[in-house]
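Chemist: My questions all concern the structure below.
In the numbering used here, the protein residues as written are 12 to 433.
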């Protein structure tokens, strides 16, 4: 009777272990991009409820990037906002399962640089839609999540694109003091070329006041994660390779000059420090080896006790060994490699003073040494400068962004023609 009860408990333990440790694959957005670009991602992610709740933050961000890339700015903003609410207001979930079984089972809330980029894009879209105060709230949140332990003098906010956009909102308010304060903070940043080009000519108040057009040029792809080590317990941040290094902007057929690098996503991802989970995963990897060996040994001892006539003690010892063996086999020390792989590698800026009205933009991309990447050239990009305020254009090297030509296109529901997309 006791042995039957014991075996039932073991069977229940095994079932729970399998349920807790089983983690399905996350949606492969990179493969979808290779298959059909932003349109494929848009189609694949239409029904959020079909994805595990733990991945909703990622799915919403990926869907927002796809919508933004296709010119559906209002719908993209809504998805970035939904993701923002999860990232900033949720306590997450499945944390115990992540520590006990597999880190990928927890609700993904994003790393600091991903939460910062979410807030930045949300603010950028609000600003483009003529809502500077909503934009400022987003830029303020980006500043907050980009700031670490200031008392320890580490991880000070240093994402320059966010600082530039905060400056633009201050100027929109006609608050030159606030704009100068923000530019002063920028001037105190270390001149690290990996982060931004200190020779950028738009870091002064006069240059900011003299401009009414911001052309943001995004290059390449942002970082991705790999799991390495004996048990995959070490998460390594990798930087993809891409050729483009800067761009030149032509306005109405005239060369307006080159862009300047003022943001680097890989730099942001690798200057945030370690995670509390990192040390735990290393210890977990060691524990897997130890418990597996100890479990096998305990089962052997239990069998020996049973053979020598100590059945109860043998069963208990073997049961303990089985538990250790099962935990060692079913738990995973592999690091969580989920991340927003649709982010750009670098963010560049061109600023100009243009007459109100319609203009036509051309962007040409260059590799190291000034070699032009002809296949990436983008022509006839529409831009309308308002009578008051800024014109803000966001383009990307590869894949290219589609620019909405009217507010109606910008605010369109992207799923009204889902059947056609399919």
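We treat Cβ as the ideally placed atom computed from N, Cα and C, and that holds for glycine.
Since this is a predicted model, take the numbers as computed values, not measurements.
With residue 275 and residue 206 assumed to form a contact (beta carbons below 8 angstroms), what rounded beta-carbon distance in angstroms separates them?
Modeler: 6 angstroms
Chemist: On a CA-only basis, which of 75, 403, 57, 425 is nearest residue 176? Give me that one, please.
Modeler: 403
Chemist: With contact counted as at least three CB pairs below 8 angstroms, one residue from each stretch, are the region 248-265 and the region 229-237 in contact?
Modeler: yes
Chemist: State the CB to CB distance for the pair residue 101 and residue 129, rounded to an integer number of angstroms; the pair is presumed to be in contact (CB under 8 angstroms).
Modeler: With a Cβ gap of about 13 angstroms, residue 101 and residue 129 do not count as contacting.
Chemist: What three-state label does DSSP hand residue 173 in the structure shown?
Modeler: Residue 173 falls in the helix class under three-state DSSP.
Chemist: Should residue 173 and residue 150 be called a contact, given that it needs their Cβ atoms to be closer than 8 angstroms?
Modeler: Note that the C-beta distance between residue 173 and residue 150 is below 8 angstroms.
Chemist: Buried or exposed: where does residue 55 fall if 16 or more other Cβ atoms within 10 Å of its Cβ makes it buried?
Modeler: buried
Chemist: Give the DSSP-derived three-state secondary structure of residue 125 in the structure shown.
Modeler: DSSP places residue 125 in helix when its eight states are reduced to three.
Chemist: Along the chain, which unbroken stretches of the alpha helix (DSSP H) at least 4 residues long are found entirely within the region 222-281?
Modeler: 276-281
Chemist: Is residue 57 helix, strand or coil by DSSP?
Modeler: In the three-state reduction of the DSSP assignment, residue 57 falls in the coil class, being assigned neither a helical nor a strand state.
Chemist: Just mark residue 417 as buried or exposed, buried being the case when its beta carbon has 16 or more other beta carbons within 10 Å.
Modeler: exposed
Chemist: Just verifying my parser: in three-state terms, what is the DSSP assignment at residue 44?
Modeler: The three-state reading of DSSP puts residue 44 in helix, counting H, G and I together.
Chemist: Rounded to a whole number of angstroms, what is the C-alpha to C-alpha distance between residue 413 and residue 362?
Modeler: 21 angstroms
Chemist: How long is the line joining the alpha carbons of residue 407 and residue 241, rounded to whole angstroms?
Modeler: 38 angstroms
Chemist: Measure the alpha-carbon distance for residue 32 versus residue 424 and round it to whole angstroms.
Modeler: Residue placement at residue 32 cannot be trusted, given a pLDDT of 47 that sits under 50; what the coordinates show is reported in the next sentence. Each residue's alpha carbon lies about 39 angstroms from the other.
Chemist: CB-CB under 6 angstroms to residue 74, same chain, minus the five flanking residues each way: which ones, in chain order?
Modeler: 56, 90
Chemist: Give me the Cβ distance between residue 434 and residue 219, rounded to the nearest whole Å; I'm assuming they're in contact under 8 angstroms.
Modeler: For the chain, the structure presents residues 12 to 433; residue 434 sits outside this window and is missing.
Chemist: Against chain D, with Cβ distances strictly below 8 angstroms, would residue 101 count as a contact?
Modeler: The chain labelled as chain D is not found in the depicted structure, where only one protein chain is given.
Chemist: Going along the chain, which residues of its own chain have a beta-carbon closer than 6 angstroms to the beta-carbon of residue 277, five neighbours each way excluded?
Modeler: These residues qualify, in order along the chain: 234, 250.
Chemist: In the DSSP output, what is residue 1 paired with across the bridge?
Modeler: No answer is possible for residue 1: the residues shown for the chain start at 12 and end at 433.
Chemist: Considering only residues of the same chain and omitting the five flanking positions on each side of residue 80, which have a CB-CB separation below 6 angstroms?
Modeler: 49, 412
Chemist: Helix or strand or just coil, what does DSSP make of residue 381?
Modeler: helix
Chemist: Taking only the alpha-carbon atoms, compute the straight-line gap between residue 184 and residue 400 and give it to the nearest angstrom.
Modeler: 10 angstroms
Chemist: From the DSSP output, which residues share a beta bridge with residue 357?
Modeler: DSSP, once it has assigned bridges, lists 230, 275 as partnering residue 357.
Chemist: Tell me where the beta strand (DSSP E) around residue 404 begins and ends.
Modeler: 402-407 is the span of the beta strand (DSSP E), which, as asked, contains residue 404.
Chemist: Tell me whether the beta-carbon of residue 372 lies closer than 8 angstroms to the beta-carbon of residue 227.
Modeler: no
Chemist: On the three-state DSSP scale, how would you describe residue 363?
Modeler: strand
Chemist: Rounded to whole angstroms, what is the Cα-Cα separation between residue 145 and residue 131?
Modeler: So the alpha carbons of these two residues sit roughly 12 angstroms apart.
Chemist: Using alpha carbons as the reference points, say which of 253, 199, 396, 385 lies closest to residue 229.
Modeler: 253
Chemist: Taking the alpha helix (DSSP H) that residue 71 falls in, what are its first and last residues?
Modeler: According to the DSSP assignment, residue 71 belongs to the alpha helix (DSSP H) that extends over 67-80.
Chemist: If we ignore side chains and look at the alpha-carbon of each, how far apart do residue 134 and residue 421 end up?
Modeler: 16 angstroms
Chemist: Taking the alpha carbon of residue 350 as the point to measure from, which residue in 78, 125, 60 has its own alpha carbon closest?
Modeler: 125
Chemist: Compare the C-alpha of residue 396 against each of 59, 263, 63, 269 and name the closest.
Modeler: 263
Chemist: Alpha carbon to alpha carbon, how far is residue 96 from residue 214?
Modeler: 32 angstroms
Chemist: Let's test the definition: count the other Cβ atoms within 10 Å of the Cβ of residue 117 and tell me whether it reaches 16, buried, or not, exposed.
Modeler: buried
Chemist: Just mark residue 42 as buried or exposed, buried being the case when its beta carbon has 16 or more other beta carbons within 10 Å.
Modeler: exposed
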